[in-house]
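Report on the structure given below.
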Amino acid sequence: MDGGGPPDQNIAPQTSANATPASTPTGPSDTEDQTETDPFPISTKDIGQFISAAPKPTKKRPWRIHCPMCDSPGFIPRKAAGHEIKCANPDCLVPIFTAPEAPVTQPASETQPEDTPPARNRAMVVVVIVVLLAGGGAWWLL
Numbered sequence: 450m451d452g453g454g455p456p457d458q459n460i461a462p463q464t465s466a467n468a469t470p471a472s473t474p475t476g477p478s479d480t481e482d483q484t485e486t487d488p489f490p491i492s493t494k495d496i497g498q499f500i501s502a503a504p505k506p507t508k509k510r511p512w513r514i515h516c517p518m519c520d521s522p523g524f525i526p527r528k529a530a531g532h533e534i535k536c537a538n539p540d541c542l543v544p545i546f547t548a549p550e551a552p553v554t555q556p557a558s559e560t561q562p563e564d565t566p567p568a569r570n571r572a573m574v575v576v577v578i579v580v581l582l583a584g585g586g587a588w589w590l591l
């Protein structure tokens, strides 16, 4: 009677061809689930690479911008134009946006035409006239 003995321990159990190993995930991953449910997907690993907007102006951050989502003001350097910016409002729903391009500023042209005398010359003329009138009035009264 051959079937009554203990099973051979060197034989591995047979597995089906459709079986998957335990280390392979069977459901959707977390990143796939986030992109399907999140209407504004933002990669959180890239947040440190954005330029943060300051809530108040400084010498280094003079340019005022507004967040398109929460409309809160923020201040950034001029060099940050066209780059990704993080909103100054910590409660903003979509804190990352692209800064608008900096407006082109033309150098200020000379405001006074060359034909008109400077203000200093006008003041000198007024002082001379006042002194002459005062001297003439004093001579007339004496």
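Every position in the sequence shown, counted from 1, becomes a number in this note's numbering once 449 is added.
All C-beta atoms, glycine included, are put in the ideal place defined by N, C-alpha and C.
Query                                                                                                                       : Result
Ala-568 in three-state terms, based on DSSP                                                                                 : helix
Pair within 8 angstroms by beta-carbon distance, Gly-531 and Glu-550                                                        : yes
Close-in-space but distant-in-sequence residues of the same chain around Phe-546 (CB under 8 angstroms, 5 per side omitted) : Cys-516, Pro-517, Met-518, Glu-533, Ile-534 and Cys-536
Contact under 8 angstroms by Cβ, Trp-512 with Ile-525                                                                       : yes
Boundaries (first-last residue) of the beta strand (DSSP E) holding Phe-524                                                 : 522-525
Residue nearest to Asn-538 in terms of C-alpha spacing, selected from Val-579, Leu-581, Ala-587 and Ile-514                 : Ile-514
For Arg-513, the residue or residues it bridges with in DSSP                                                                : Phe-524
Alpha carbon of Ala-548 to alpha carbon of Pro-506, nearest angstrom                                                        : 16 angstroms
From Thr-486, Lys-528 and Val-574, residue whose alpha carbon lies closest to that of Ala-502                               : Lys-528
N- and C-terminal bounds of the beta strand (DSSP E) containing Phe-546                                                     : 545-547
Ala-530, DSSP secondary structure in three states                                                                           : coil
Helix, strand or coil at Ala-551 [DSSP, three-state]                                                                        : coil
Counted within 10 angstroms of its Cβ, other Cβ atoms place Pro-544 as buried (16 or more) or exposed                       : buried
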